[in-house]
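Step one of this worksheet: look at the structure below.
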Amino acid sequence: MKRFADLFAQLDQTTRITPKVAALAAYFQDAPEDDRLWTIALLSGRRPKRTVTTTLLRTWAAERAGIPLWLFEESYPIVGDLAETIALVLPPATRGSDRSLTDWIGVIRGLSALDEDARKTAILSAWNSLGPLERFLFNKLITGGFRMGVSQKLMTRALSQATGIDEAELAHRLMGDWTPETTSFDALVLTHDPAADLSKPYPFYLAYQLDDPPEDHGSPGDWHAEWKWDGIRGQLVIRGGQHFVWSRGEELMTDRFPELAAARDFLPDGTVIDGEILAWGDGAPLPFNALQKRIGRKTVPKSLLRDAPVIVKAYDLLEWQGEDIRARPFADRRALLDRLVGALPPEAPVRLSPLIAFDCWDALAATRATSRDKGAEGVMLKHRASPYLSGRKKGDWWKWKVDPLTIDAVMIYAQQGHGRRANLFTDFTFAVHDGDALVPFTKAYSGLTDAEFRKITAWVKKNTLERYGPVRAVKPEHVFEIAFEGIQESPRHKSGVALRFPRMSRWRHDKPVEEANTLEDLRAMLAAYGQGGKVGVDAVTPQETD
Amino acid sequence: MARDPVLTFTDRGIYCPAGDFFVDPWRPVDRALITHGHADHARPDHRRYMATPAAAPVMRFRLGDIAIDTLPYGETRRIGGADVSFHPAGHVPGSAQIRIEVAGEVWVVSGDYKIEPDGLCEPFEPVRCHAFITECTFGLPVFSWAPQAQVMAEIDGWWRACAAEGNTAVIGAYALGKAQRILANVDTSIGPILTHGAIENTNEVLRAQGIALPDTIRVTPEMDPKDHPGALVIATPSALGTPWMRRFGPVSTGFASGWMRLRGVRRRRAADRGFVLSDHVDWDGVNSAIAETGAERVFVTHGYTSIFRRWLEDQGYDARIVETEFTGESLDDPDPQQETAQ
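Residue numbers (my numbering), protein chains in the order written: chain A, -6 to 539; chain B, 341 to 682.
Take a look at the structure:
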């Protein structure tokens, strides 16, 4: 664990990329092979199964530290990280340990076979034999959510430096349904056999937001445009008589969308399609809430399959007749996609996402303005000659979203953030006027600058009316402009509406509370922009889309 | 018969009715006893000040031409019906706890304090009292400080590595106290030490009163940092990441504060290295300090007051929160007086 802790410290002690990549590359050359594999796994979001509840960990930590549990619980939101809070309150270790990262993960995995007393003994013994940083990492391995300030992209770059294997090739090798138990460093990274994993998707190509006018990017004739649908970006992989559905967060979602199995009846083996998974009905996307409900279910009841059926809107063809065609120009890939998908009967769960014809940028801008009516977030621009790259890259692809909707709302509750935002109030609830009352209608966490978060934190501390656990009711004194991408009816919310991607776009210092918007205004927006169907889902949380 | 309290808590500050004076008041008053020179404790516009001889020069430097009476540590002065004395608080040079005795009842206002001797200021001395008024800036069990020697070795190691790699090590530290504590304890054989103007101004004041500090070089627009390779630059926290830093070429940044104990805060601060170094007591420190006073009543002034009060009540103290305008070791909103850059 010491070598891993050293690596973590090196990564944590700099904000610059070059030394981070160098530290990681060195680790990939000299750490034990099993540890390298686990490090790749951890940095790509794979972690050991949780074998102890956090409730038990908190209780044992408070007991070991000789403090009451309430004091531990009060300290946690201030630290903003459970694993760290535990590491900080514990007395110093009295022993040391030379066990490796993989050994300790073995200890954690072994806990599931033990009864509670034995688990406690094992955990206390681990805490007593690890240094401060190792102890924090050990707790992180148990509680999950491992973030080391290194993206998967940087990890891949470091691995490329350490092995001499091309970065994009490595990104592809690291995709898919593997865990450190099912493979080895050698098999996964060094001696790659594509046939070994039929399910393996390709790294997704992600676009940046277009901030300058499209005219700056040349002639309309060089570009294709299509709708940017608001669903789950995914890949449909058909190989060896099987199909696999991947989200762009690299989650295997095949079983959640059983209706996509029918794709095998319409598409040949050796096909990989990049597209958007959408809940679809009557020729248009259903409200995102419908899809949200599907995401939450591992097994899908018949009623839901009927109410919120999903399809794949196909954007791109990555593999054709078993051949990786990502390097070919978009126009060629798209033509092949047309041939493959364009003529499918309506019962096929895969549909072509239509291209938008335009002869000048103004015409495209006008079409883009109708995105909301189409149930789209805007349009995508793809250069005709663009290869399908890996990761977020500038130049060939752009997302050109419509401007968000906005409403001015009053802050009424505040809560402290986690991690980097620990000890700062960053999570807020907003309300609109309804007669004399203020009706909460959304939460928002992002959009303010660090300086603004510091300012509002100082204000919240001085203007707390009441505390409900970690939540503080504050004086209704500040107005914020809330920007959001969509609005839907929601009987579960007091206000009757749910917003999509709400965030704080501006702190309206200029607006007195009386001039914030009303529930009536919100309902008018629902009438103008809301998408049909009522879906009883509790919260609309942002999903990764692209 | 219930006795009148030795101190009361007013909207102008902590007040002693028997002596008709305030301790560290935040609104202008006639007579102010000052624990130390930080801006949240020593404010302008009082008619008369009293502080230790070692605290007075910085106060004069910061507050201008003030009427200040000095009282050495351990000497008692009668003010009205109160006997007053100053005792080392170990926070910054000249910092004091103020002991106030009225008719046999003793209350102590600790100001800001730390227990561990730092090689710069007069070490903290526990003072027995009936009621203790304490800060609790770091009054949570997650805050515990490593011995100073260990933290200074970390800073030396970082500085040495920077010097070897051709980077300039720039460390953020408060202009009064922390900056000089680092100066007084780093290994000066590693290289030259450059200082931000606001820090060097304080250094000059402290040197003039006889406090020995290693040689430093003031950063000015005319100087060329390239003439001082392998330097450690001590900067005010607010100078980190500003155009002021550009003159140093490739840098590694460090920040010295008790808040660096928390990884989230350290990452938000976006310094390369965080050094856990505070001039305030940690959790064990504040608890042992309170125990050593023998006080039954404890007033907590700033920091995690509501949590710490509950903890003290659990321990059997009569504990109360006092609302003050002290800020303790602030991170996000630094002492504005310390930030008067050149």
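Backbone N, C-alpha and C fix where the C-beta goes; we use that ideal spot for every residue, glycine too.
Only a predicted model underlies this, so the values are computations on that prediction, with no experimental measurement involved.
Margin query: Given a cut-off of 7 angstroms on the beta-carbon distance, is the pair valine 591 (chain B) and asparagine 507 (chain B) in contact?
Written below: The answer is yes: Cβ separation under 7 angstroms.
Notebook entry, point to check: At a cut of 8 angstroms, does the stretch 525 to 542 of chain B reach the stretch 562 to 573 of chain B through at least three beta carbon pairs?
Noted result: Under the three-pair Cβ rule at 8 angstroms, the stretch 525 to 542 of chain B counts as touching the stretch 562 to 573 of chain B.
Next item on the list: Verify whether the separation of the beta carbon atoms of arginine 496 (chain A) and glycine 440 (chain A) is less than 7 angstroms.
Entry: Taking C-beta atoms as the reference points, arginine 496 (chain A) and glycine 440 (chain A) count as a pair closer than 7 angstroms.
Note to self: So, for methionine 341 (chain B): in the same chain, excluding its five sequence neighbours on each side, which residues have a beta-carbon less than 7 angstroms away from its beta-carbon?
What the structure shows: Residue confidence is low: methionine 341 (chain B) scores 45 on pLDDT, short of 50, so the model does not pin down where it sits. No coordinate-derived value is stated.
Notebook entry, point to check: Any beta-carbon of chain A closer than 7 angstroms to the one on serine 670 (chain B)?
Noted result: Serine 670 (chain B) has a beta carbon lying at 7 angstroms or more from every beta carbon in chain A.
Next item on the list: Rank A:Ala424, A:Arg287, A:Asp170, A:Glu162 by C-alpha distance to the C-alpha of arginine 39 (chain A) and give the top, closest one.
Entry: Nearest C-alpha to arginine 39 (chain A): A:Asp170.
Notebook entry, point to check: Does any C-beta atom of chain B lie closer than 7 angstroms to the C-beta of alanine 336 (chain A)?
Noted result: No - not a single Cβ of chain B is within 7 angstroms of the one on alanine 336 (chain A).
Next item on the list: Output yes if chain A places a C-beta closer than 7 angstroms to the C-beta of arginine 586 (chain B); else output no.
Entry: It does not: the Cβ of arginine 586 (chain B) has no partner Cβ on chain A nearer than 7 angstroms.
Next item on the list: Please classify glutamine 6 (chain A): does DSSP put it in a helix, a strand, or coil?
Entry: When secondary structure is reduced to three states using DSSP, glutamine 6 (chain A) falls in the coil class, being assigned neither helix nor strand.
Notebook entry, point to check: How big is the Cα-Cα spacing for alanine 513 (chain B) and glutamate 475 (chain B)?
Noted result: Rounded to whole angstroms, the gap between the alpha carbons of alanine 513 (chain B) and glutamate 475 (chain B) is 21 angstroms.
Check: Since valine 303 (chain A) sits in a beta bridge, which residues does DSSP pair it with?
Finding: Bridge pairing for valine 303 (chain A): A:Ala272 [DSSP].
Margin query: Considering just the uninterrupted stretch of the alpha helix (DSSP H) at lysine 367 (chain A), what are its terminal residues?
Written below: 364 to 367 is the span of the alpha helix (DSSP H), which, as asked, contains lysine 367 (chain A).
Next item on the list: Take threonine 350 (chain B) as the anchor and find which of B:Arg417, B:Ile374, B:Ala575, B:Trp366 has the nearest alpha-carbon.
Entry: Relative to threonine 350 (chain B), the option among B:Arg417, B:Ile374, B:Ala575, B:Trp366 whose CA is nearest is B:Trp366.
Next item on the list: Tell me, to the nearest whole angstrom, how far the beta carbon of aspartate 267 (chain A) is from that of aspartate 309 (chain A); I am working on the premise that it is less than 8 angstroms.
Entry: So it is a contact: roughly 4 angstroms between Cβ atoms.
Item checked: Neighbour flag for serine 144 (chain A) against chain B, beta carbons, 7 angstroms -> No, because no Cβ of chain B sits closer than 7 angstroms to the Cβ of serine 144 (chain A).
Notebook entry, point to check: Do you know how far the Cα of histidine 471 (chain A) is from the Cα of tyrosine 406 (chain A)?
Noted result: Each residue's alpha carbon lies about 11 angstroms from the other.
Checklist line | Coarse secondary structure for cysteine 502 (chain B), derived from DSSP in three states | finding: Cysteine 502 (chain B) falls in the helix class under three-state DSSP.
Note to self: With a threshold of 7 angstroms between beta carbons, is isoleucine 449 (chain A) in contact with chain B?
What the structure shows: Chain B has no Cβ within less than 7 angstroms of the Cβ of isoleucine 449 (chain A).
Check: So leucine 515 (chain A) is in the alpha helix (DSSP H); what residue range does that whole segment cover?
Finding: In the DSSP annotation of this structure, the continuous segment of the alpha helix (DSSP H) that includes leucine 515 (chain A) starts and ends at 512 to 522.
Checklist line | Segment limits, beta strand (DSSP E) that includes tyrosine 355 (chain B) | finding: Where tyrosine 355 (chain B) is concerned, the enclosing beta strand (DSSP E) stretches over 354 to 356.
Check: Quick one: is glutamate 77 (chain A) near chain B, going by C-beta distance under 7 angstroms?
Finding: At a cut-off of 7 angstroms between beta carbons, glutamate 77 (chain A) contacts chain B.
Item checked: chain B contacts from the stretch 392 to 413 of chain A (Cβ-Cβ distance under 9 angstroms) -> So the list reads Gly410, His411, Gly412, Arg413, given in the order they occur along the chain.
Notebook entry, point to check: Got a sec, what are the start and stop residues for the alpha helix (DSSP H) tryptophan 390 (chain A) sits in?
Noted result: Where tryptophan 390 (chain A) is concerned, there is no enclosing alpha helix (DSSP H), although the beta strand (DSSP E) it sits in stretches over 390 to 394.
Item checked: Residue range of the unbroken beta strand (DSSP E) whose run includes histidine 427 (chain B) -> Histidine 427 (chain B) -> beta strand (DSSP E) spans 422 to 428.
Next item on the list: Round the Cβ separation of tryptophan 216 (chain A) and arginine 377 (chain A) to the nearest angstrom and send it over; I've been treating them as touching at under 8 angstroms.
Entry: So it is a contact: roughly 7 angstroms between Cβ atoms.
Notebook entry, point to check: Quick one: Cα of alanine 301 (chain A) to Cα of leucine 284 (chain A), how far?
Noted result: About 7 angstroms.
Next item on the list: Provide the residue(s) that pair with phenylalanine 436 (chain A) in DSSP beta bridges, ordered along the chain.
Entry: The identity of residue 436 (chain A) in the sequence shown is lysine, whereas the question assumes phenylalanine. Answer by DSSP bridge pairing, in chain order: A:Thr422.
Checklist line | Span of the alpha helix (DSSP H) around lysine 455 (chain A) | finding: First-last of the alpha helix (DSSP H) with lysine 455 (chain A): 443 to 455.
Check: According to DSSP, is aspartate 96 (chain A) helix, strand or coil?
Finding: Under the three-state reduction of DSSP output, aspartate 96 (chain A) falls in the helix class.
Checklist line | Simplified DSSP state of proline 347 (chain A), which is helix, strand or coil | finding: Coil.
Margin query: Considering only heavy atoms of the ligand ATP, does any lie closer than 6 angstroms to the CB of valine 293 (chain A)?
Written below: The ligand ATP is not part of this structure, which contains no ligands at all.
Check: Quick one: which chain B residues come within Cβ less than 9 angstroms of aspartate 74 (chain A)?
Finding: Chain-ordered, the chain B residues with CB closer than 9 angstroms to the CB of aspartate 74 (chain A) read Leu602, Arg603, Gly604.
Margin query: Closer than 7 angstroms between beta carbons: that is the criterion. Which residues of the stretch 470 to 491 of chain B meet it against chain A?
Written below: Close to chain A, meaning a Cβ-Cβ distance shorter than 7 angstroms, are the following residues of the stretch 470 to 491 of chain B: Leu480, Pro481, Val482.
Checklist line | Cross-chain neighbours of alanine 610 (chain B) in chain A, by beta carbon under 8 angstroms | finding: Residues of chain A passing the Cβ test: Thr8.
Margin query: Tell me the residue span of the alpha helix (DSSP H) that contains glutamate 636 (chain B).
Written below: Glutamate 636 (chain B) -> no alpha helix (DSSP H), and no H or E assigned at all.
Notebook entry, point to check: Looking only at its own chain, which residues have a Cβ that is under 7 angstroms from the Cβ of aspartate 179 (chain A), when we skip the five neighbours before and after it?
Noted result: Once the five neighbours on either side are set aside, aspartate 179 (chain A) has no close Cβ partner at all.
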